[in-house]
């Protein structure tokens, strides 16, 4: 089982953490309630069964060097890294082959609407509202990457899980300069090959590292949170075995049986080293709780245990232990002195400080309440503005339509006006002709009238002459 934290030369701080969420799935029916047995059978026969249960031996320096050199900044379609000077590449096809995912005949990845429909089918939203109301943790969310895989399992859709997982790897890696020292190691490690080609940068062969036959002996003597360099088991590379579950991260307290074979002597030495280191950690952690006598008693018990483990220099170990114990004792005295000083503090000063802090907290809460009220008012104002905007948008659209109708009418009236102008021009021309004819008729009428007047005068003259002749 891999320690949660181990020393490494690849991080600036000298330490790197392994994510405890990368545990191997427990697929035995006996480990779950009977209601979940059907789910266990389903997962065992699913395409992700191997990825959930694979537990390869992890060689710390390989994983840490891969983690510290992996780069997918130029393209999200592959991850490039180096191990011991050799270049390697991880692609979706490599992931599919290493984790026994489907490798061909892929169907379309579920869309956003399909994922939402799945959540509705399983009553996801209703369940969360009942179970997690008021919570602000991430338990009420499902990663889209996980949801797509779940959809493919639920509906039997054959999707390219390797591509999804590669995107997730690139997200976990982040930028090379800002990369976190928390390693998500279990799923990445089966994809690391030892037979890559440095010249072309490819990884032609993908396989799991074979489990060291002695790894179980070391793991049975280790503790999950022990901070010390892991034991070298293969070519100077420390072997770290994966935990089967987060529960296995607890310290193992079984009895140590003396080894019968000569090769077991080294493992006893490792166990002694673990025990000594944990003793120092425990004494340091509980320095403010245990008395000096209790710590000395605990150290003596540890010394007796180390002496029974085998033939190694227990005197030197005890001297180192006493040195560490002296340091812890000094620390314990410092803490006791600090506690005494704390008791000598003026209680009134502490009370006045408490009252001042409480008053400040009350004022901050009031300010926060006022800010919340302002925010609520602003949201209501925003909603009213949105309604007004919608109303104005509707009115503007209506005015735009009316303006379009008016423009059409103006175009029609303009065409009619042009027609009337043309008709008016024709009428004016006709009126001019009529005026000319009228003038000609007037002139002719005047001439005829003059002739009539002249003829009338002649007629009167002739009539008067005839009357005179008749009278005679």
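Numbering (our numbering), first residue to last: 16 to 487.
Think of the CB as a built atom: it goes at the ideal place given N, C-alpha and C, for glycine as much as any other residue.
Residue from the options with nearest C-alpha to residue i
i, options, result
"residue 92", "385, 468, 485 and 106", "106"
"residue 67", "40, 386 and 455", "40"
"residue 128", "88, 446, 46 and 166", "166"
"residue 134", "103, 169 and 104", "169"
"residue 109", "101, 95 and 368", "95"
"residue 85", "370, 49, 442 and 184", "184"
"residue 161", "196, 188, 191 and 124", "124"
8 Å Cβ shell around residue i - same chain, five flanking residues per side excluded
i, result
"residue 65", "114 and 115"
"residue 453", "none"
"residue 164", "63, 174, 176 and 179"
Residue i to residue j span [Cα, whole Å]
i, j, result
"residue 120", "residue 182", "20 Å"
"residue 47", "residue 57", "14 Å"
"residue 438", "residue 444", "10 Å"
"residue 488", "residue 388", "Since the first residue shown for the chain is 16 and the last is 487, residue 488 is missing from the structure and cannot be characterised."
"residue 410", "residue 130", "39 Å"
"residue 314", "residue 51", "47 Å"
"residue 472", "residue 466", "10 Å"
"residue 393", "residue 412", "28 Å"
"residue 54", "residue 44", "9 Å"
"residue 487", "residue 469", "28 Å"
"residue 414", "residue 425", "16 Å"
"residue 457", "residue 447", "15 Å"
"residue 69", "residue 138", "32 Å"
"residue 379", "residue 406", "40 Å"
"residue 427", "residue 440", "20 Å"
"residue 190", "residue 159", "21 Å"
"residue 429", "residue 391", "56 Å"
"residue 462", "residue 436", "39 Å"
"residue 404", "residue 395", "14 Å"
"residue 136", "residue 368", "56 Å"
"residue 126", "residue 132", "10 Å"
"residue 71", "residue 371", "58 Å"
"residue 474", "residue 483", "14 Å"
"residue 104", "residue 192", "20 Å"
"residue 385", "residue 397", "18 Å"
"residue 485", "residue 478", "10 Å"
"residue 476", "residue 455", "31 Å"
"residue 451", "residue 419", "48 Å"
Assumed close pair residue i, residue j - CB separation to whole angstroms, cut-off 8 Å
i, j, result
"residue 81", "residue 59", "In fact, because the Cβ distance is near 30 Å, the residues do not count as touching under 8 Å."
"residue 374", "residue 198", "47 Å between Cβ atoms; not a contact."
Neighbourhood of residue i by C-beta distance below 6 Å, restricted to the same chain and skipping five residues each side
i, result
"residue 111", "118 and 177"
"residue 172", "122"
"residue 275", "Residue confidence for residue 275 is low, a pLDDT of 43 falling below 50, so the modelled location carries little weight and cannot support an answer."
7 Å Cβ shell around residue i - same chain, five flanking residues per side excluded
i, result
"residue 381", "none"
"residue 481", "none"
"residue 188", "85, 87 and 194"
Residue i Cβ short of 8 Å to the ligand SAM heavy atom set
i, result
"residue 390", "Of ligands this structure carries none, so the ligand SAM is not represented either."
Residue-level contact to chain E via CB, residue i, 9 Å cutoff
i, result
"residue 420", "The structure shown has no chain E; it contains just one protein chain."
Report task. Output the residue ranges of the alpha helix (DSSP H) runs that lie fully inside the segment 408-443 and measure 4 residues or longer, sorted by chain position. Result -> Runs of the alpha helix (DSSP H) lying entirely within the segment 408-443 and spanning at least 4 residues: none are present.
Query raised in the report: What residue ranges within the segment 370-409 form continuous alpha helix (DSSP H) runs of no fewer than 4 residues, ordered along the chain?
Result: Listed in chain order, there is nothing to give.
Query raised in the report: Whole alpha helix (DSSP H) runs in the segment 86-135 with 4 or more residues, listed along the chain?
Result: Taking only runs of at least 4 residues, the alpha helix (DSSP H) segments lying wholly in the segment 86-135 are 107-113.
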